[in-house]
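Residue numbers (my numbering), protein chains in the order written: chain A, 20 to 648; chain B, -6 to 265.
Here's the structure we're looking at; comments come further down.
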Amino acid sequence: MSGISITLQRFRNASFRRRLLTLLLVAMFGLGAVMLAPVATADTHASEQHSAALDSAAGNPETALEALPAPKPKRGDYPNIGTSSRAIVWVFAQMHLFFGALVLAVPIFVLVIEFIGFKTRDDRYDDMAHEFMKISLTAYAITALFGGTLALSLFLLYPQFMTYMMRAFGSQVLIYALLFFLESMLLYIYYYGWDALRYGNRKWVHLTLGLLLNGVGSTLLVVANSWSTFMMAPSGIDPASGAITGSLWEIMKGPLWNPLNLHRFLANIAFGGAVVGAYAAFKFLAAKSAAEKAHYDWMGYTSNFVAILAFLPLPFAGYWLMAEVYAYSQQMGILAMGGILAWLFVIQAVLICTILLAANYYLWNGMARTDGGERYRWMIKYIALVLIMGFLVWITPHNVIYSGSEIARLGGSAHPVLGPLGIMPAKNIAVFLMLVMTFLSFQLYRRADKEITVNWRHWGNALMIAIYIVACVNIVFAGVYYGYFTNTVYKVGSSVLQVMSTVVVIVSGVVIDTLMFKGAKKLPVNWGMVSNRSQYALFALPIAFTWLMALMGYIRSSVRTHWHVYAVMKDNSPDNFIPPLATVGNMVTGITLLFLVFVLFIFWIANLSGTRQLPPQPQGDVALAGGGK
Amino acid sequence: MSALARALGFSVAMILAFAAITYVLPQVKGEAPEEEEMVIGELTMDSFVALGEKLYQGKGTCTLCHNSLGRAPDMLTYDVQSTSLERIADSRYQGQAGDAESYLRESMLEPSAYVVEGFGKKGSNDTESPMPAVNQPPIQLSDIETDAIIAFLQQKDGNPVTVALPSADAAPAVEAENTAAAPALAQNAEEAIAKFGCAACHAILGSESPVGPSLKDVGQRLQPDQIRISIIDPKAEIAQGFPPIMPEFPNMALAELEMVVQYLSQQTGAQP
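Here is the structure:
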């Protein structure tokens, strides 16, 4: 029997569920192959295109078009509509990114929650996942509206730039549009088919739809990311002229593409978790019954769990992205981290510390839900101390602009005691210790409702404590030794040790706890028995996340300085300068407030869909009812 | 108060608090580099050196890395002329330069010809420089602008400027003329103080002028950093009771500035 016959025979003999999954996986890969076919074909012919492009005079019109240098617009070539074009694009782009992040992220953890509900046969998970999707669905239309407006404003206000981008990415934008259609269809089927495909084999169909939805959504994300990274670090072009010389694949896979893909993927999940957490907190505060409070308390806890789980590895992804930025252009890296934009990292420090403090505060409050939490309460003050010390170190600047009399009072351009805390090694120590302490809060919270019964529990705890101590000592030692007693080249290397120490704590903590929780006695958890105050931590998270995303997005975009496409196509528009920090703050604040308004609208719509007006009572019945009393 | 109003109030207060932080940070605007308009025939060596300094601080983006933070050698702290000759003689040198001027030009156009130990790209064992070629994007200095920076680097240490002024005429003739036309640097602090006319307003070097504060005891009142700032940016802090009329000295060489700062910081009012 041939290999194909054997495969077909196995397929016929497989269960319905397996057959369905196989078909869907084949369909998914088939779809992927069709999507990437033009890219692959273009890749095969890259070298031919290159030579044809260079020989454009003799070539056909298409190759001649690719051989055109990047446009060099002059100030007068930019349409003037009487207000800042950059500000308009800034608002629409950031709003599109916020809602895009929410729409792409929510289905990822919804799918996981749905799967957990299916495996544990607990309908509460299923209901919660469905409720999360309600928010995502409303946000979807807003995402599309902002995306469309952004595209129109870019074509209107930056026509030469968009001409060049279209020349570079060509037919890829049509694939993007096709993916968008697919995403829409899958999203609506996934949401509206929820109850129709709820149990048994049908649930597998629904889960597979969720998987396809996330597959298409993630592809949309990485396709759109390639536009941003091409602008920062263009590839597949002639660096001298900007002429397109590479295939679409070469243009997409620039040096910053994958670091940005990972960073945005994680950040989106953290952001999505935080926004739906705020929804749960709002519903908790407005709840009238204990059952409602319990449901939304549990929903808020799950959202916070998702947000923090995705947030913890985010600094490592950010580190990779910045390392690649430095490797691509040291000048660009220094501009971001040590140049004019470096001041914005002081605000970043405040924002990230707000996130960590809010997340920890919520976990500490959550320990009140179970009596087991009392065992760990004494540790909270020490964790809080480390977090606050870390926060203070992180926001300590190194050099600021002093007047003569201030220099005299300080005794130099940097403070004799606080000055050393202003440089990166001190901040790295602070950041990594804060991450370790956040994981400790998380670990204590998970242990609060359990009584561990394995007979090696004392050894397990001793091992965990030893890992914490060694990791903290290593983080401090690496920061102090490499940061202050070696030259600049080794300073950067120290953070690798610190990253490894933090990762070891997180991974070993999860592994040791998983093994120790086997057969553990579960203590009762009183959902809803948490203070109203704790819910404000769930509002603080998305606010800080939103501000942070807008700020970091601005920094990422601004490192291009006066270039539309870095070192290839100059930005000669009236907005080609880096604005003062207060202007940046105003823009980011305005955009965050606008996002808040739209989010409230989404919450209201989500609430409205569950509201049902009672049928009007006939007048006579009312009178009769009144008369019957 | 309803849950919505409380949540909204809390959220808006947080957003505004974050915005407030941006107001307490230094408000610096990063302008895109402007193309310098220069009439070649009207350039003097003074203005050419001044152009070089402006490019060094601005469009050339040199100070982004060449500063005191250890990212690249801080060229303002050593004599680039003698250091260039030392590097040419170094066995690791891979370039073609024969003198300091051509070495400086080569180091800007082909930075990997010689990489200072400890400043190479990671993993390149100091054979590859992270510095971009200054005539390529994103910096894109013209040949004239590159020469202006070389002129500035030579002049700052009091070395003769060997770079030719850009001219349509025969270069050798201009070069000879320019070397002679390079501004004469003060040889010591007293000469520098006399050259820049400090004694016209301040009591120093035999002058008792009351227009500005006396400098006879300035070393007792101010730290060297403060003296330096008050010369570079006289408007930064105005001494109480004196008018804000002190001019800036854009043509003061760094070597001259340092001589003056050192000299003034030793003026404690004590009789010799």
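Yeah, the Cβ is synthetic: ideal placement off N, Cα and C, and Gly gets one too.
On a predicted model such as this, the values are computed, not experimentally measured, just so you know.
Using a Cβ-Cβ cut-off of 7 angstroms, B/GLU24 is close to PHE596 of chain A, given in chain order. Of all residues in the stretch 356 to 389 of chain A, the ones placed with a Cβ closer than 9 angstroms to any Cβ belonging to chain B are GLY357, GLY358, ILE359, LEU360, TRP362, LEU363, VAL365, ILE366, VAL369, LEU370, THR373, in chain order. Collapsing the DSSP output to three states places A/VAL549 in coil. Note on A/GLY319: 16 or more other CB atoms within 10 angstroms of its CB, so buried under the neighbour-count rule. Per the coordinates, the alpha-carbon of B/ARG64 lies some 33 angstroms from the alpha-carbon of A/VAL524. The beta carbon of A/GLN350 falls within 8 angstroms of a beta carbon belonging to chain B, placing the residue at that interface.
At a cut-off of 8 angstroms between beta carbons, A/PRO599 contacts chain B.
If you look at A/HIS581, you'll find it isn't in any beta strand (DSSP E); DSSP assigns it neither H nor E. In the three-state reduction of the DSSP assignment, B/MET124 falls in the coil class, being assigned neither a helical nor a strand state.
Separation of the CB atoms of A/LEU123 and A/ALA158 is rounded to 10 angstroms, and the pair is thereby denied contact status at 8 angstroms. In this structure, A/PRO332 is the residue among A/ALA112, A/ASN323, A/PRO332, A/PHE461 with its C-alpha nearest to the C-alpha of A/LEU281.
Between A/LEU198 and A/LEU240, the CB-CB gap reaches or exceeds 8 angstroms. For B/ILE142, DSSP assigns no beta-bridge partner whatsoever. B/ALA246 sits in coil when the DSSP states are folded into three classes, being neither helix nor strand. With its beta carbon at least 8 angstroms from every one in chain B, A/TRP246 lies outside the interface. Contact of B/ARG64 with chain A by beta-carbon distance below 9 angstroms involves GLN349, ILE353, GLY357, THR507. By the criterion of a C-beta distance shorter than 6 angstroms, A/TRP317 is surrounded in its chain by TRP546, once the five residues flanking it on both sides are discounted. Annotation: the continuous alpha helix (DSSP H) that includes A/ILE407 extends over 399 to 413.
Chain-ordered, the chain B residues with CB closer than 7 angstroms to the CB of A/ILE562 read SER4, MET7, ILE8. Residue environment for A/PHE111: buried (at least 16 other C-beta atoms within 10 angstroms of its C-beta). Residues are counted here when their Cβ sits less than 8 angstroms from a Cβ of chain A; for the stretch 38 to 67 of chain B these are THR54, LEU57, CYS58, LEU62, GLY63, ARG64, given in chain order. Listed along chain B, the residues sitting closer than 9 angstroms to A/THR608 by beta-carbon distance are ILE8, LEU9, PHE11, ALA12, THR15. Within the same chain, Cβ atoms closer than 7 angstroms to the Cβ of A/ASN287 are found at ALA120, LEU123, ALA124, the five residues on either side in sequence being excluded. As summarised for the stretch -5 to 65 of chain B, the continuous alpha helix (DSSP H) elements at least 4 residues long and confined to that stretch are -4 to 17, 38 to 50, given in chain order. Taking 8 angstroms as the CB threshold, A/TYR500 stays off the interface with chain B. Against chain B, the beta carbon of A/PHE558 has neighbours under 7 angstroms at ALA0, PHE3, SER4, listed in chain order. B/PRO203 does not reach chain A, its nearest Cβ partner there being about 21 angstroms away, counting only Cβ pairs nearer than 7 angstroms. In the three-state reduction of the DSSP assignment, B/GLU94 falls in the helix class, which pools H, G and I.
Shortest Cα-Cα distance from B/LEU48 to any of B/SER95, B/GLU110, B/ALA141 involves B/ALA141. Contacts with chain B at 8 angstroms (Cβ-Cβ) do not include A/ALA569. With three or more CB-CB distances shorter than 8 angstroms, the stretch 121 to 130 of chain B counts as touching the stretch 92 to 105 of chain B. Close CB contacts of A/PHE451 within its chain, under the 6 angstroms cut and outside five residues either way in sequence, are with ILE494, GLN517, THR521 (chain order). At a Cβ-Cβ threshold of 8 angstroms, A/MET251 and A/TYR585 count as neighbours.
Between A/ILE407 and A/ASN379, the gap from beta carbon to beta carbon reaches 8 angstroms or more.
A distance below 8 angstroms separates the beta carbons of B/PHE235 and B/PRO206. Assigned with DSSP and collapsed to three states, A/GLU470 falls in strand.
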